[in-house]
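Heads up: the sequence shown at position 756 corresponds to 756 in the UniProt record's numbering, and the numbers run straight through without jumps. Cβ atoms here follow ideal geometry from the backbone N, Cα and C, with glycine treated the same way. In this text, all values refer to a predicted model and were calculated from it rather than measured experimentally. Here the structure is laid out as structure tokens; the discussion comes afterwards.
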Amino acid sequence: MNLTSAESGTSTASERPATRARRPARSRPDGDQPPVISTSPLAAPTVPAGVATISHLTEKLAEYMTEADLKKVKEAYRFSDEMHLGQVRKSGEPYISHPIAVAEICADWKLDAQAIMAALLHDVMEDQDVKKEELIERFGSPVAQLVDGLSKLEKIEFQSQIEAQAENFRKMLLAMASDVRVILIKLADRLHNMRTLDVMAPAKKQRIAGETMEVYVPIAHRLGLNNIYRELQDLAFSHLYPMRYTVLAKAVRAARGNRREVVGKILDSVKNTLSMAGIEAEVYGREKTLYGIYKKMRSKHLTFSQVLDVYGFRVVVDSFPNCYVALGTLHSLYKPMPGKFKDYIAIRKLNGYQSLHTTLIGPYGTPVEFQIRTQEMHRTAESGVAAHWLYKNSDANMTDMQQRTHAWLQSLLDIQQQTGDSAEFLEHVKVDLFPDSVYVFTPKSKIIAMPRGATPIDFAYAIHTGIGDHTVSVTINGEPAPLRTELRNGDIVEVVTDPDSRPSPSWLSFVRTGKARSAIRHHLRTINLPESINLGRQLLRQALGAISLSPDLPEPLIERLLNESSAKSLDELYADIGIGKRMAALVARHIFGLLGGESASVPVDHNSASDLDPVTIYGSEGVSVQLAACCLPIPGDQIVGQLRRDQGLQVHTNDCTVAKRQRQKEPDRWIAVKWGTELNRRFDSRIRLLINNEKGILARVAAEIGESDGNITFVGMDEDKEHVLHQLRFTIQVKDRVHLAGLLRNVRKVAGVNRVARERA
């Protein structure tokens, strides 16, 4: 098969002396699939099927590259062409067409020669086993580093496809942290893959489209690459929901004709009004993406005909002050809708985006959205970090957008240092890629952007890890607030710290940001390491006993176990079990297999296992063992333990409804536990009373609880509609179940108390 290049001085692949043995033509297994180039015997001169050319690429590059750089790019093309010789895609096209297409997308962003070379070479390490050293020798270290960051880790054996995917993303994102060009090339690669996905099997389309929507679309948004963000979103939507996409596309095409008159009238009115006000501006209509329309229909439960703002308008003015002058002019032309104005110029988005957004009531009562920005803001909005080169600027010359991007990339390194697990790292990054944001203020009026749903704990960790670790309370807008409160736009947040305070495992149930989550988990792993090791040892001993194995493992077996589990020591393995990162039952089955048995044949009888060597609970173990807040178990209750990932062991009562639901979903995470004999502390318990609405009743009940040696920590009250009876809710501290029963008997005798009972989940 001949591959030709249109530029002068480039020979065809068949004319070059081969430095490697030619590989047989094969179809690449992943989603890189280009469309088939249609040909006609009557059309001349056309590029015949099976031929790839870089003439279009060199035309683009010649606009901004020197001859010396162009020469380097052509050499990279020749090498890539030679390495991929004989390799084909599922459509039957030569594989080299894909790297050329990726390089063309990068050329649209005017990336430098090193990035274009890396785009052309991005698959040679992964597909053709080219060594990094060879790339360094031929093209230099920077290009080799870029290609290495883009290459998958196929040589490493992973336990699952999910783990392999997570590790690939981890490597790519960390490479991106040192050079943002890595992710720009990767996004171009993914964009071409998505454009040419039609030849794939439906199941593979769904997987690749889902991965694109979940990871690459948010990354493009986070880096401010609006054009690629919108296109990737629509392409992923078309493959995830092809029928919905088709129906919606047809409806939008029909709407274009129906609304052409309205759009034309608005355009003429806006242009004339701005011209009369002396404002030079470009005004043009823009259409919502199909996915944007679909998302609005889903979130607001609307039909297509009810989505009125399918079209919007963009006003690009010549200066910063004229943004606000144009806003006032538009507000005088059409009436603004209350609550629909957003100033992203004064408070820009996380990705550097700046514009004024306003929604006006246009002709015929139709809501119309306008975006007002300068030319510079428009370039940033469309191209994000590709508009200004992060890697060419010193810190002193960085724009604000570059500094924000740089800070986010550096936060990836911070999360990686605190996270050993690739899947966990990817989980944290996905959380931070969530596009919606709220903007809150420090007491000194500094603006902090947080993901929607963030809490004061997230805010504290965003300021500094040390502040987050020592947070004890918070005030929002001058009022005390719970640590799990969701922050809103404009909140003024003040954090109170204590040097002796430490993170609580319960924070993991409500924190939103990856930085906060990874810092809390890191603290729980390190600060409470001895406790986690001890718990893990007990759990593994129990799991081994359940399959009739001795807990005393011989040294050679321990060495093999550590090698195969990637743990550095037995204590590290125990700690991972203690915090719920590894399952004791699975480790025990693995040990069974190392001893010569087959793990599939290990008896898995949870009922019998629960009778063997239950873990003893004293209630004062700290963060590795927690008493569930849903049912508040106390000594004397029948209890069961749940191993929660990175939160240790949580103890529930046997009849807890929450526990019953969760036990059905993950039966392997439940173990037998029992109360210890020496319990020198008090335990929280909730009780509920139905009382008459009469004077002094609360005082009498509180006095009786005190005389019964109970300690009240919380009081709540609910009224009924007739205001005749009240429900009192107490959280009290008692020694055990016997103590609680005696206290309830005494409270039941108080005049005015109709009913009293322990409150259960």
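For this session: On a CA-only basis, which of 223, 222, 217 and 250 is nearest residue 235? Give me that one, please.
Result: One-based indexing of the sequence shown puts residue 235 at position 235. Of the listed residues, the one whose Cα sits closest to residue 235 is 217.
Problem set entry | Cβ pair count under 8 Å reaching 3, the stretch 291-309 against the stretch 325-344 | Here the stretch 291-309 does not lie against the stretch 325-344, with fewer than 3 beta-carbon pairs under 8 Å apart.
For this session: Kindly indicate if chain B contains any beta-carbon less than 8 Å away from that of residue 331.
Result: No chain B is part of this structure, which consists of one protein chain only.
For this session: Compare the Cα-Cα distances from residue 546 to each of 558, 588 and 516 and report the closest residue.
Result: As a working note, residue 546 is residue 546 in the sequence shown. Ranking the options by Cα distance to residue 546, first place goes to 588.
For this session: Return the chain-ordered list of same chain residues with a C-beta closer than 8 Å to the C-beta of residue 107, the five sequence neighbours on each side being excluded.
Result: Here residue 107 refers to the residue found at position 107 when the sequence shown is read from its first residue. Result list for residue 107: 57, 60, 61 and 116, in chain order.
For this session: Could you check how far apart the C-beta atoms of residue 77 and residue 120 are, in whole angstroms? I think they sit under 8 Å.
Result: The count along the sequence shown starts at 1 and reaches residue 77 at position 77. The count along the sequence shown starts at 1 and reaches residue 120 at position 120. Correct: roughly 5 Å between the Cβ atoms.
Exercise. What distance in whole Å lies between the Cβ atoms of residue 591 and residue 536, which are believed to be in contact at a cut-off of 8 Å?
Worked result: Position 536 of the sequence shown, counted from the first residue, corresponds to residue 536. Position 591 of the sequence shown, counted from the first residue, corresponds to residue 591. About 14 Å separates the two Cβ atoms, so there is no contact after all.
Exercise. Whole alpha helix (DSSP H) runs in the stretch 201-261 with 4 or more residues, listed along the chain?
Worked result: DSSP runs (the alpha helix (DSSP H)) wholly in the stretch 201-261: 202-211, 217-222 and 226-240.
For this session: Quick one: grab the DSSP three-state call for residue 296.
Result: As a working note, residue 296 is residue 296 in the sequence shown. It is helical.
For this session: Buried or exposed for residue 464, please, with buried defined as at least 16 other CB atoms from any protein chain shown within 10 angstroms of its CB.
Result: As a position in the sequence shown, residue 464 is number 464, starting the count at 1. Exposed.
Problem set entry | Cross-strand partners of residue 685 (DSSP beta bridge) | In the sequence shown, the residue the question calls residue 685 occupies position 685. Bridge partners of residue 685: 732.
Problem set entry | Which of helix, strand or coil DSSP assigns to residue 695 | Along the sequence shown, one-based indexing puts residue 695 at 695. If DSSP states are grouped into helix, strand and coil, residue 695 belongs with coil.
For this session: Between the Cα of residue 483 and those of 489, 490 and 468, spot the shortest distance and give me the residue it belongs to.
Result: Numbered from 1 along the sequence shown, position 483 holds the residue referred to as residue 483. Checking every option, the nearest Cα to that of residue 483 belongs to 468.
Problem set entry | Between the CA atoms of residue 442 and residue 493 - distance to the nearest angstrom | Taking the sequence shown and counting its residues from 1, the one referred to as residue 493 is at position 493. Taking the sequence shown and counting its residues from 1, the one referred to as residue 442 is at position 442. C-alpha separation (whole angstroms): 6 Å.
Exercise. Per the contact definition of three or more C-beta pairs closer than 8 Å, is the stretch 683-699 in contact with the stretch 655-672?
Worked result: Contact between the stretch 655-672 and the stretch 683-699 is absent: fewer than 3 CB-CB pairs across the two stretches fall below 8 Å.
Problem set entry | Proximity winner among 314, 544 and 231, relative to residue 614 (alpha-carbon distances) | Translated into positions along the sequence shown, residue 614 becomes position 614. Among 314, 544 and 231, the Cα nearest to that of residue 614 belongs to 544.
Problem set entry | Identity of the residue in 324, 325, 326 and 318 nearest residue 376 by Cα | Position 376 of the sequence shown, counted from the first residue, corresponds to residue 376. If we check each option's Cα against that of residue 376, 318 comes out closest.
Problem set entry | Segment contact flag, the stretch 128-146 with the stretch 216-232, C-beta cutoff 8 Å, min 3 pairs | By the C-beta criterion, the stretch 128-146 is judged not to be in contact with the stretch 216-232, since fewer than 3 inter-stretch pairs fall below 8 Å.
Problem set entry | Residue range of the alpha helix (DSSP H) that includes residue 322 | Position 322 of the sequence shown, counted from the start, is the residue given in the question as residue 322. It spans 320-333 - the alpha helix (DSSP H) in which residue 322 sits, taken as one unbroken run.
Problem set entry | Proximal residues to residue 206 (C-beta, below 8 Å), its chain only, five neighbours per side dropped | Counting from one through the sequence shown, the residue named residue 206 turns up at place 206. Once the five neighbours on either side are set aside, the close Cβ partners of residue 206 are 239 and 240.
Problem set entry | Selected residue, minimal CA-CA separation from residue 79, among 93, 100 and 65 | Position 79 of the sequence shown, counted from the start, is the residue given in the question as residue 79. Selection 93, 100 and 65 evaluated against residue 79 yields 100 as nearest (Cα-Cα).
Problem set entry | Per-residue DSSP class, three states only, for residue 289 | Here residue 289 corresponds to residue number 289 of the sequence shown, with the count starting at 1. Residue state, collapsed to three classes: coil.
For this session: Please report how far the alpha carbon of residue 639 lies from the alpha carbon of residue 629, in whole angstroms.
Result: Translated into positions along the sequence shown, residue 639 becomes position 639. Translated into positions along the sequence shown, residue 629 becomes position 629. Cα to Cα, residue 639 sits roughly 14 Å from residue 629.
Problem set entry | Counted within 10 angstroms of its Cβ, other Cβ atoms place residue 397 as buried (16 or more) or exposed | Walking along the sequence shown from the start, residue 397 turns up at place 397. In this predicted model, residue 397 has a pLDDT of only 42, less than 50, meaning its place in the structure is not dependable enough to derive any value.
Exercise. Tell me the DSSP bridge mates of residue 643?
Worked result: Start at 1 with the first residue of the sequence shown, and residue 643 comes out as number 643. Partner residues in the beta bridge of residue 643, as assigned by DSSP, are 649.
For this session: Decide yes or no for the touch test of the stretch 87-104 against the stretch 182-196: beta carbon pairs closer than 8 Å, at least 3 of them.
Result: Segments in contact, yes.
For this session: Sort 642, 198 and 474 by Cα distance to residue 91 and report the nearest one.
Result: For the purposes of this step, residue 91 is taken as the residue at position 91 of the sequence shown. Measuring from the Cα of residue 91, the nearest candidate turns out to be 198.
Exercise. Does the stretch 493-507 touch the stretch 473-483, meaning 3 or more C-beta pairs lie closer than 8 Å?
Worked result: Three or more beta-carbon pairs separated by less than 8 Å link the stretch 473-483 to the stretch 493-507, which places the two stretches in contact.
Exercise. Where residue 759 and residue 439 are concerned, what is the direct C-alpha to C-alpha distance, given to the nearest angstrom?
Worked result: Counting from one through the sequence shown, the residue named residue 759 turns up at place 759. Counting from one through the sequence shown, the residue named residue 439 turns up at place 439. Whole-angstrom Cα-Cα distance: 39 Å.
Problem set entry | Candidates 643, 617, 657 and 642: closest to residue 631 by CA position | Taking the sequence shown and counting its residues from 1, the one referred to as residue 631 is at position 631. Here the closest residue by C-alpha is 657.
Problem set entry | Helix, strand or coil at residue 678 according to DSSP, with G and I counted as helix | Residue 678 sits at position 678 when you count from the first residue of the sequence shown. DSSP places residue 678 in coil when its eight states are reduced to three.
Exercise. So, are the CB atoms of residue 312 and residue 370 less than 8 Å apart?
Worked result: For this step, residue 312 is matched to residue 312 along the sequence shown. For this step, residue 370 is matched to residue 370 along the sequence shown. Against a cut-off of 8 Å, the Cβ pair of residue 370 and residue 312 comes out as a contact.
For this session: Write down the C-beta distance between residue 747 and residue 690 rounded to the nearest angstrom, noting that I regard them as a contact closer than 8 Å.
Result: Along the sequence shown, read from residue 1 onward, the residue named residue 747 stands at position 747. Along the sequence shown, read from residue 1 onward, the residue named residue 690 stands at position 690. Wrong, their Cβ atoms sit about 12 Å apart, outside the cutoff.
Exercise. Mapping DSSP to helix, strand and coil, what is residue 461?
Worked result: Here residue 461 refers to the residue found at position 461 of the sequence shown. Helix at residue 461.
Problem set entry | Residue(s) in a DSSP beta bridge with residue 361 | Locating residue 361 in the sequence shown gives position 361, counting from the first residue. DSSP lists 335 and 367 as partners of residue 361.
Exercise. Which of the three DSSP states, helix, strand or coil, is assigned to residue 478?
Worked result: Start at 1 with the first residue of the sequence shown, and residue 478 comes out as number 478. If DSSP states are grouped into helix, strand and coil, residue 478 belongs with coil.
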